[in-house]
Every structure is written in structure tokens, then in C-alpha cells.
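Here is the structure we will look at, set down as C-alpha cells.
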């Protein structure tokens with residue numbers, strides 16, 4: 017979408033295309049093109065950039081996240097298994113015991129993906145593993 021906005025501004029301002037023609041070329045509605053043009057005129061190039069959706073801040077500090085990474089990797093190394101964690105609930109329990117912070121299991125995957133972990137499903141079972 018960001019690329020389409022930039023392309024639309026280029027067509028409007030540099031190539032002097034009309035709003036309807038620009039909308040047709042970038043596969044957008046004329047009202048979107050007008051909104052992008054107005055934002056660009058008011059705020060410049062920054063207005064065209066994608067904005068990340070607002071989210072709650074992580075309750076674990078950066079230091080705690082690093083410690084969690086170490087704890088999870090040690091647990092994997094101790095069991096000599098790269099796909100040790102079978103459930104988010106198990107990792108939520110580790111976080112609660114280690115740091116005293118409660119997370120719903122459904123929120124754990126945000127933390128894991130932030131740490132570079134991903135989910136792999138094999139033979140009907142899902143596992144979390146660290147991407148080296």
C-alpha cells in the first residue's frame with residue numbers, strides 16, 4: 017500500500033495525471049488518491065509511509081526478553097531437542113514462574129516471534145523452534 021501511495025503522488029505531481037487517471041493506474045479509489053495527495057501536501061513524504069498498528073507494550077523488559085531467550089534455549093539444549101515446546105501454555109508457565117508476569121497462552125506467540133521463534137507443524141502436532 018505504501019508503494020501505491022508513493023506511485024500515486026508521483027503520477028499526480030511529477031507526471032501531472034488527473035485524480036481519476038491516477039486512481040485507475042494504482043488501483044485505488046479517487047477519494048483515496050485525494051486523501052494521499054492532501055496528506056503529502058500537508059506532511060510531506062512521511063505521510064505516505066506505512067504506520068504500524070498501535071499495540072500494548074510488552075510487559076517483559078528487553079532484559080527479561082533476553083533472559084527468556086536464554087532460558088528457553090537452555091531448556092532445549094538440556095533435552096537435546098530443537099522442537100521442545102509443544103504448547104504456548106508451557107511457555108506462559110515458564111514466564112510466570114521466572115518473571116512473575118501472567119500472559120494468556122494466546123499472547124505468547126507475539127513474544128516468541130519477536131524473539132525469532134517460529135511455529136512448525138509436523139504429523140498433526142505443532143512445535144515452536146528457534147530460527148538460528
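Residue numbers (the working numbering): 17 to 148. Glycine included, every Cβ here is placed at the ideal spot set by N, Cα and C. Please read all numbers here as calculations on a predicted model, not as lab measurements.
DSSP places residue 73 outside any alpha helix (DSSP H), giving it a letter other than H or E.
In the DSSP annotation of this structure, residue 63 is not part of any alpha helix (DSSP H), being labelled neither H nor E.
In the DSSP annotation of this structure, the continuous segment of the alpha helix (DSSP H) that includes residue 40 starts and ends at 35 to 42.
With fewer than 16 other Cβ atoms from the protein chains shown falling within 10 Å of its own Cβ, residue 30 counts as exposed.
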